[in-house]
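Trainee: Before I ask anything, here is the structure I am working with.
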Amino acid sequence: MKNHKLVFCAIILVTLGTSALPALSQAHSESGLRAGFSLGYLSRTLDVGEEAGETAPELTSVMASLVLRYDLQPGFSLAAHVGYSSSAFDGLAFRRLPFSVDFGRDAGRIGGLLLGAEIEKSLLGEGAFGLGILGRFFASLGIQKEWDLPGLAAEGSVKGKPVWMKASVGPVLSYRGWAGFTPFLFPRFDYLWGTFELNQKVQSLEGNEKKDIKGKGQFGLGLGADFELSKSLRVRGEAGVYPRGGGADYSFLLQTIIAF
Amino acid sequence: MAITKKKILGIAALTLVIIASGSGLQKVRQERAKEGPARPSVHRAIGSMNGGLPFRAEGPRYAPGQVLVRFKPNVSTQLVSATLAAYETQEIKRIPRLNLYRVKIPEWASVEEMAQAMSRNPDVLYAGPNYIARIMATPNDPFFHYQYALNNTGQDIGAPGSPSGKAKADIRATAGWEETKGAAETVIAVLDSGVDFDHPDIKNKVVSRGRDIANDDSDATDDNGHGTYVAGIAAADTNNDEGIAGVAWNCRILPVKVTDSEGSAWYDDLIDGIVWAADNGAQVINMSLGGDAADDSLRDALRYAHEKGVVITASAGNDNTAVFYPAAYDAYCLAVAATDYDDLRTSYSCFGPEVDVAAPGEAVLSLVPTWYWGPDYLPYAFGFGTSASAPHVAGLAALLKGLKPWLTAGEIMDVIRFSSDDVNSGEHSGRDDYIGYGRINLEKALVPIKLSK
Numbered sequence: 478m479k480n481h482k483l484v485f486c487a488i489i490l491v492t493l494g495t496s497a498l499p500a501l502s503q504a505h506s507e508s509g510l511r512a513g514f515s516l517g518y519l520s521r522t523l524d525v526g527e528e529a530g531e532t533a534p535e536l537t538s539v540m541a542s543l544v545l546r547y548d549l550q551p552g553f554s555l556a557a558h559v560g561y562s563s564s565a566f567d568g569l570a571f572r573r574l575p576f577s578v579d580f581g582r583d584a585g586r587i588g589g590l591l592l593g594a595e596i597e598k599s600l601l602g603e604g605a606f607g608l609g610i611l612g613r614f615f616a617s618l619g620i621q622k623e624w625d626l627p628g629l630a631a632e633g634s635v636k637g638k639p640v641w642m643k644a645s646v647g648p649v650l651s652y653r654g655w656a657g658f659t660p661f662l663f664p665r666f667d668y669l670w671g672t673f674e675l676n677q678k679v680q681s682l683e684g685n686e687k688k689d690i691k692g693k694g695q696f697g698l699g700l701g702a703d704f705e706l707s708k709s710l711r712v713r714g715e716a717g718v719y720p721r722g723g724g725a726d727y728s729f730l731l732q733t734i735i736a737f
Numbered sequence: 175m176a177i178t179k180k181k182i183l184g185i186a187a188l189t190l191v192i193i194a195s196g197s198g199l200q201k202v203r204q205e206r207a208k209e210g211p212a213r214p215s216v217h218r219a220i221g222s223m224n225g226g227l228p229f230r231a232e233g234p235r236y237a238p239g240q241v242l243v244r245f246k247p248n249v250s251t252q253l254v255s256a257t258l259a260a261y262e263t264q265e266i267k268r269i270p271r272l273n274l275y276r277v278k279i280p281e282w283a284s285v286e287e288m289a290q291a292m293s294r295n296p297d298v299l300y301a302g303p304n305y306i307a308r309i310m311a312t313p314n315d316p317f318f319h320y321q322y323a324l325n326n327t328g329q330d331i332g333a334p335g336s337p338s339g340k341a342k343a344d345i346r347a348t349a350g351w352e353e354t355k356g357a358a359e360t361v362i363a364v365l366d367s368g369v370d371f372d373h374p375d376i377k378n379k380v381v382s383r384g385r386d387i388a389n390d391d392s393d394a395t396d397d398n399g400h401g402t403y404v405a406g407i408a409a410a411d412t413n414n415d416e417g418i419a420g421v422a423w424n425c426r427i428l429p430v431k432v433t434d435s436e437g438s439a440w441y442d443d444l445i446d447g448i449v450w451a452a453d454n455g456a457q458v459i460n461m462s463l464g465g466d467a468a469d470d471s472l473r474d475a476l477r478y479a480h481e482k483g484v485v486i487t488a489s490a491g492n493d494n495t496a497v498f499y500p501a502a503y504d505a506y507c508l509a510v511a512a513t514d515y516d517d518l519r520t521s522y523s524c525f526g527p528e529v530d531v532a533a534p535g536e537a538v539l540s541l542v543p544t545w546y547w548g549p550d551y552l553p554y555a556f557g558f559g560t561s562a563s564a565p566h567v568a569g570l571a572a573l574l575k576g577l578k579p580w581l582t583a584g585e586i587m588d589v590i591r592f593s594s595d596d597v598n599s600g601e602h603s604g605r606d607d608y609i610g611y612g613r614i615n616l617e618k619a620l621v622p623i624k625l626s627k
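Now the structure itself:
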């Protein structure tokens, strides 16, 4: 199943990348390098299979990254993200360890290295309305964290390292009728998956549990706008909603891009 | 494994260790023979809890269509009203001291969405669902409130002349049952004097008529009373409107009779019983018995069962001396000491480095055979000794086996040890020779531990 997801993402990125190849040859004359800063937040209810307890676990993550964007040609850009993520897994329980553990709100957040990539291409842009396609991929590679196990007759702890990824792709419908302000809709296929591995040690007693996680719901709708504050400064704001059974999850993104 | 049918010397014969401080079942029976029948201290007039229906922690987690919202202390009622109206909510109830409101939310919004939306309001301290609290899983067995060992509220424990217990001096059974009540597939072999198959509080919990090693047949009917008593503590029929609750609510009993009617067993019969139980589906073996002699064959039988994944529990003994065998075989067996209704070690409980954990053993209510007191009396009695303690631990082992069948016997033993409460930490901090790691705690052993940073 995990391989299928990776293959799917690879197909999307390769397809988009292939369509970019003709443009690459002209890139030197029509493109530019831009950099910026991105701040994001997401809240996603997780599906962990049959072991879900009375509360559905939830991943919340704050993501901050530096962005390097390369415009291959007008309306066609690639971007890379490098940054930091701070994730919490409220309600996620590990019941295969010798002592079951539960991540409540007090468990704190887990830091991680954030890597990401974006590819955006305008397909139709002659009139007031534009149509493009946008693909995004983010990976949070968690840094190992340790928690004590309170209340036991022997000292014990668990160490954990979550890794999660998020891929989204879909059309971007924009309105370009206003100078300096371009609102857009971004309906997308959106998939979140990953693993969270915990190792437990209480004196001689040791256990390990690796849990596959995935986000509930696979479709989302983003509503945002690009603000051209000056020729060299652009700000993008976006809010995303992800419907799922019993409610909806959401995300926010704020990006500032400066042209050199 | 071949069992050599050698009858070991008389000193090696096992004596049921329930006889302690002059108040065990055997002693009661002997005194009754001298003084005439003594009426047990439980009465038929005890009613059922909750109208005979079980309390179950089922249903929605929070009230539908409602949100609890707490405003900052300086927010006026006018501003609160305006804010609630802005969200199209209606006040249902107000708790002024906390500036807390229970509000009805509009139909177009979910509880989560409204709680999240209101949480973002700068005048709001907190907004969230109106969660539902329920009483914990409590069986409807009418004598459950005498079982201080499972749930001690400081109640009158019912035994003649006994004081009230200390609240929370128990094994946290009700909290543990919130996580699991055990699996019917988990079998506890009780190596003892047999089981009364006619007893209404256990007849539906036995796997089969078991094995009578002592008389070499396939009918482990109890001719002493001790085995029925021990089996009842581990896994009496629970939530059946009858009698008492067992620790391992849903698990079943495999009776293996290894003693004679006087409560004594030859080591070879005990060894035979251990091997037979391990080969016939037992995942847990309880032995509320012991002898003072070490024996390599006994140790090898324990090792055989342990390596097959069987968790073995045994009474430490009631002589205030060194730990008896088989409990003293530390690598393969959990040696169980006795505590009382105040979480104090009993004066008779054996001690030594082999003691792993403790469990209540003082005035513990359980079953006796239907013939024990005679037809006019309820077949229940209070018992005393580490015989009563060990099956509490066997019950916990069975719950763990059902919940986490992938754990080895050794790992389950460690979970039981490390989840215990060090109730004598004032005198002996950490593991000690009197109650080992402490009095067992089902909640810590079974319920997920909340992590905190």
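Heads up: the protein sequence lines correspond to chains A and B, in order. Just so we're aligned, residue 478 is where the first sequence starts under the working numbering, counting upward by one. Just so we're aligned, residue 175 is where the second sequence starts under the working numbering, counting upward by one. Ideal placement from N, C-alpha and C gives every residue a C-beta, glycine not left out.
#1: For residue 665 of chain A, name the three-state secondary structure that DSSP assigns.
#2: Counting only Cβ pairs nearer than 7 Å, list the residues of chain B close to residue 626 of chain A.
#3: Within the same chain, show all residues whose beta-carbon is closer than 7 Å to that of residue 502 of chain A, passing over the 5 residues directly before and after it, in chain order.
#4: Judging by CA-CA distance, which residue of B:357, B:428, B:289, B:351 is the nearest neighbour of residue 381 of chain B?
#5: When the Cβ atoms of the segment 481-489 of chain B are set against those of the segment 498-505 of chain B, are three or more pairs found closer than 8 Å?
#6: With DSSP as the reference, label residue 729 of chain A as helix, strand or coil.
#7: Rounded to the nearest angstrom, what separates residue 596 of chain A and residue 618 of chain A at their Cα positions?
#8: Compute the Euclidean distance between the alpha carbons of residue 689 of chain A and residue 718 of chain A, then round it to the nearest angstrom.
#9: Determine the direct distance from the alpha carbon of residue 354 of chain B to that of residue 397 of chain B, and round the result to whole angstroms.
#10: Please state the DSSP three-state secondary structure of residue 598 of chain A.
#11: What is the rounded straight-line gap between the Cα of residue 437 of chain B and the Cα of residue 400 of chain B?
#12: Chain B beta carbons: is any one of them nearer than 8 Å to that of residue 575 of chain A?
#13: For a test of the three-state rule: what should DSSP assign to residue 565 of chain B, helix, strand or coil?
#14: Tell me, please, whether the CB atom of residue 730 of chain A is closer than 8 Å to any CB atom in chain B?
#15: For a contact meaning CB atoms closer than 7 Å, what does residue 580 of chain A contact in chain B?
#16: How big is the Cα-Cα spacing for residue 657 of chain A and residue 585 of chain A?
#17: Using a Cβ-Cβ cutoff of 9 Å, what residues of the segment 578-596 of chain B are near chain A? List them in chain order.
#18: Could you tell me which uninterrupted beta strand (DSSP E) segments, each at least 3 residues in length, are contained entirely in the segment 506-551 of chain B, listed from first to last along the chain?
#19: Taking the alpha carbon of residue 629 of chain A as the reference point, which residue from B:608, B:607, B:588 has its own alpha carbon closest?
#20: If we ignore side chains and look at the alpha-carbon of each, how far apart do residue 611 of chain B and residue 388 of chain B end up?
#21: Suppose contacts are defined by Cβ-Cβ distances below 8 Å. Is residue 511 of chain B in contact with residue 559 of chain B by that definition?
#22: Can you grab the Cα-Cα spacing for the pair residue 642 of chain A / residue 524 of chain A, in whole Å?
#23: Would you mind giving the Cβ-Cβ distance between residue 299 of chain B and residue 275 of chain B, rounded to the nearest angstrom? I have them listed as a contact below 8 Å.
#24: Among the residues of its own chain, which have a CB less than 8 Å from the CB of residue 561 of chain A, if the five just before and after it don't count?
#25: Measure from the alpha carbon of residue 620 of chain B to the alpha carbon of each residue in B:282, B:440, B:279, B:347, then state which is nearest.
#26: Taking Cβ-Cβ distances shorter than 8 Å, what residues in chain B pair up with residue 681 of chain A?
#27: Grab me the residues of residue 403 of chain B's own chain with a C-beta within less than 8 Å of its C-beta, minus the 5 sequence neighbours each way, in chain order.
#28: In chain A, what lies closer than 7 Å to residue 611 of chain B by C-beta?
#29: For the segment 698-716 of chain A and the segment 668-688 of chain A, state whether three or more C-beta atom pairs, one from each stretch, are separated by less than 8 Å.
#30: Does the beta carbon of residue 524 of chain A come closer than 8 Å to any beta carbon on chain B?
#31: Using a beta-carbon distance below 8 Å, is residue 584 of chain A in contact with chain B?
#32: Which word fits residue 600 of chain B, buried or exposed, when buried means at least 16 other C-beta atoms lie within 10 angstroms of its C-beta?
#33: When the Cα of residue 517 of chain A is compared with those of A:728, A:735, A:737, which residue comes out closest?
#34: What's the C-alpha gap between residue 345 of chain B and residue 301 of chain B?
#35: Can you check whether the C-beta of residue 618 of chain B is within less than 8 Å of a C-beta belonging to chain A?
#36: For a cutoff of 8 Å on Cβ pairs, would you count residue 528 of chain B as touching chain A?
Mentor: In brief:
#1: strand
#2: 623
#3: Summary for residue 502 of chain A: the model assigns pLDDT 39, below 50, so the residue's position carries little reliability; its value from the coordinates is reported in the next sentence. Excluding positions up to five away in sequence, the list is empty.
#4: B:428
#5: yes
#6: strand
#7: 21 Å
#8: 23 Å
#9: 33 Å
#10: strand
#11: 8 Å
#12: yes
#13: helix
#14: no
#15: 625
#16: 41 Å
#17: 578, 580, 581, 584, 585, 586, 588, 589, 591, 592, 593, 594, 595, 596
#18: 508-513, 529-534, 538-541
#19: B:588
#20: 35 Å
#21: no
#22: 14 Å
#23: In fact, because the Cβ distance is near 11 Å, the residues do not count as touching under 8 Å.
#24: 540, 541, 542, 588, 589, 590, 591
#25: B:347
#26: 588
#27: 192, 199, 540, 541, 542, 555, 557, 561, 562
#28: 630
#29: no
#30: no
#31: yes
#32: exposed
#33: A:728
#34: 36 Å
#35: yes
#36: no
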